[in-house]
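Novice: Residue numbers (our numbering): 1342 to 1458. One structure coming up, written as structure tokens, with questions to follow.
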Amino acid sequence: MMVPVKTEELPAGVFVLEIDGQPILALMAATLFQARELGQEQWLLEDLKRMTLGHRPLWDGTSPIRVRRADPAEEVYYVDAKTESAADDSPLVYLVRRDDEADASGAVTRGTFPPRR
1342 MMVPVKTEEL PAGVFVLEID GQPILALMAA TLFQARELGQ EQWLLEDLKR
1392 MTLGHRPLWD GTSPIRVRRA DPAEEVYYVD AKTESAADDS PLVYLVRRDD
1442 EADASGAVTR GTFPPRR
């Protein structure tokens, strides 16, 4: 008889932090539990309130934050972004183009995962 694997015990992988159903960032973690813990770190929550998208904070401080396993496209995007920025040791890759990333030329930089708006 096979015993179902608990979601909390998934092997290391890429996870996505969602706010109001919008994928905001991808991160690498050993388990879903660790990914959820990272998603609740005070420094990250403060960053999410400070960073903006369309001149609105990524997180309003009250909306639920959900962490889930990345879908295949998000996982590929994460791996590609980490490869491009090998010097960056942060486990986070933003999936949205934050206002602070906009440059004067208007060119799109990595950070925009297929727009959902």
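Glycine included, each C-beta is placed from N, C-alpha and C at the ideal position. Since the model is a prediction, treat every value here as computed from it, not as a measurement.
(1) Look up Thr1403 in the DSSP assignment and say whether it is helix, strand or coil.
(2) When the Cα atoms are used, what is the spatial distance from Thr1372 to Asp1430?
(3) Please report how far the alpha carbon of Tyr1418 lies from the alpha carbon of Gly1402, in whole angstroms.
(4) Please list the segments of the beta strand (DSSP E) lying wholly inside the segment 1358-1384, counting only runs of 3 or more residues, in order along the chain.
(5) For Gly1362, count the other beta carbons within 10 Å of its own beta carbon; 16 or more makes it buried, fewer makes it exposed. Which is it?
(6) Quick test of your reading: Arg1407 and Glu1442, contact by CB under 8 Å. State the CB separation rounded to the nearest angstrom.
(7) Is Leu1433 helix, strand or coil by DSSP?
Specialist: Let me spell this out:
(1) Here the question's residue 1403 lines up with position 62 in the sequence shown. In this structure, Thr1403 counts as coil in the three-state DSSP scheme.
(2) If you number the sequence shown from 1, residue 1372 lands on position 31. If you number the sequence shown from 1, residue 1430 lands on position 89. Near 19 Å, if we compare the C-alpha coordinates of Asp1430 and Thr1372.
(3) Locating residue 1418 in the sequence shown gives position 77, counting from the first residue. Locating residue 1402 in the sequence shown gives position 61, counting from the first residue. Cα-Cα distance, rounded: 27 Å.
(4) 1363-1370
(5) Here the question's residue 1362 lines up with position 21 in the sequence shown. Exposed is the call here.
(6) The residue given as residue 1407 occupies position 66 in the sequence shown. The residue given as residue 1442 occupies position 101 in the sequence shown. 23 Å between Cβ atoms; not a contact.
(7) Start at 1 with the first residue of the sequence shown, and residue 1433 comes out as number 92. Residue state, collapsed to three classes: strand.
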